[in-house]
């Protein structure tokens, strides 16, 4: 992952900030499991598992705190 | 999810802020599992599972930190 | 839940703030599982389950961060 | 729990603050499971369970953030 | 644990701060399970359990937030 | 781990900050399980386990909050 995928934490709207938080939550998974085929298999499992979906949502919530603070809450 | 669903983190009251935190916790699930039928099935499972309900509450708590800070705690 | 249940995050003492954090942790459960009978059944399970009690305590801790910050730590 | 158990978040030292964080993490358990006998039984289980001990430590860490901020990190 | 084990949150470097965060994460376990023999037995279990190691790392991360803020991020 | 591995929390870009957060999340595992062979075995398990990967992502998210704050969000 040597290309630039995160040039800035600044987004135009709260919603774009949320989408960035989702992206941030996925990159750590990619960096830990670089094989896209294995990730696809895992995705089939966790996208139909309530506990895993809630856990994903928790990670997004933590990253959204960071993105929202970076944008001074788009006030 | 290309429509605008999050125009602002600002709410009139702490209670509306809490409702926004609940919404924020659900959107990540929707973005990870876009099929509404599968989500309905999963919901039937987790809404009667104490551990899952507590985990949902944890995600709401994290988002509520963000919303409350954005609103300067409605002071 | 259309009635007002959260008029303010401001409390007179740290202890009242803690009680508010407990309330905040419970409301998300109510909003996800609105049926009081099912919640009563679930409560019987989790109030005798160490892992669930610790998880509840974690949610309270997160909300207490918010309430304490809102009250400027009652300094 | 109508008596005063939390008069202040201010402590003299970082270490006393840590002890307060431990206390804060336990009170939520007491408020959810008020029966001391059941809590004693549960304690025997979780104090010999690595996952539960780590989860307790996580709750303490969250409360310690609050107490440390309240005390301006004892700087 | 009546001796002084936490005189200050201030450290000279980010790395020493990290070591302090590790220490902070362990003390809560000691205070919950004071018997060193039981802790040694538990350690043998969790140090070879991926989920437990990740959970330990999560606690360290939370404490590191506190220590880093206390040191104004060593800026 | 007596060598210097964390001279600073300051990074040039948000992306380098993210890489530092990943590193911070791994060091706690190393400090708890110093044997590289056991860690390699564990890695084979958790890198193909969706729950573990999400948990790793949660730890990274917490550390990224710290790194982002240290860098004033690269604003």
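Residue numbers (our numbering), protein chains in the order written: chain F, 1 to 75; chain S, 1 to 75; chain L, 1 to 75; chain Z, 1 to 75; chain E, 1 to 75; chain B, 1 to 75. Built from N, CA and C at the ideal position, the CB exists for glycine as well. Since the model is a prediction, treat every value here as computed from it, not as a measurement.
When the Cα atoms are used, residue 65(B) and residue 42(Z) turn out to be separated by approximately 34 Å. In the displayed model, residue 12(L) falls within coil according to three-state DSSP, outside both helix and strand. The Cβ of residue 48(F) sits closer than 7 Å to at least one Cβ of chain S. For residue 74(E), the three-state secondary structure derived from DSSP is helix.
Contacts between residue 25(S) and chain F, judged by CB atoms closer than 9 Å, involve 54, 57, 58, 60 and 61 in chain order. With a cutoff of 7 Å on beta-carbon distance, residue 11(F) and residue 53(B) are scored as not near each other.
In this structure, the CA atom of residue 7(F) is about 46 Å from the CA atom of residue 35(L). For residue 39(L), the number of other beta carbons within 10 angstroms of its own is at least 16, and it is reported as buried. Of 14(S), 3(S), 4(S) and 5(S), the smallest CA-CA separation from residue 67(S) is found for 14(S).
If you check each beta-carbon in the segment 14-41 of chain L against every beta-carbon of chain S, the ones closer than 8 Å belong to 24, 25, 26, 27, 28, 29, 31, 32, 33 and 38. For residue 5(L), the residues of chain S that pass the 7 Å Cβ criterion are 15, in the order they occur in the chain. The beta-carbon of residue 68(S) is placed less than 7 Å from the nearest beta-carbon of chain L. Taking every protein chain shown into account, the CB of residue 59(B) has 16 or more other CB atoms within 10 angstroms, so this residue is buried. What residue 8(S) touches in chain F, judged by beta-carbon distance under 8 Å, is 14 and 74, going in chain order. Taking 8 Å as the upper bound for CB-CB distance, residue 51(S) and residue 55(L) are in contact here, some 7 Å apart. Taking the Cα of residue 19(S) as reference, the smallest distance to any Cα among 70(L), 4(L), 71(L) and 57(L) is reached at 4(L). Annotated three-state conformation of residue 4(S) is coil, per DSSP. Taking the Cα positions, residue 21(S) is about 14 Å away from residue 73(F). A straight line joining the alpha-carbon of residue 47(S) with that of residue 45(L) spans about 14 Å. Annotation for residue 24(Z): 63 place their beta carbon closer than 6 Å to its own, counting only its chain and skipping 5 residues before and after. Taking all protein chains in view, the Cβ of residue 2(L) is surrounded by fewer than 16 other Cβ atoms within 10 Å, so the residue is classified as exposed.
When the beta-carbon positions are compared, residue 70(E) and residue 9(E) come within less than 7 Å of each other. In the displayed model, residue 41(E) falls within a helix according to three-state DSSP. Distance from the CA atom of residue 75(B) to the CA atom of residue 28(B), rounded to whole angstroms, is 29 Å.
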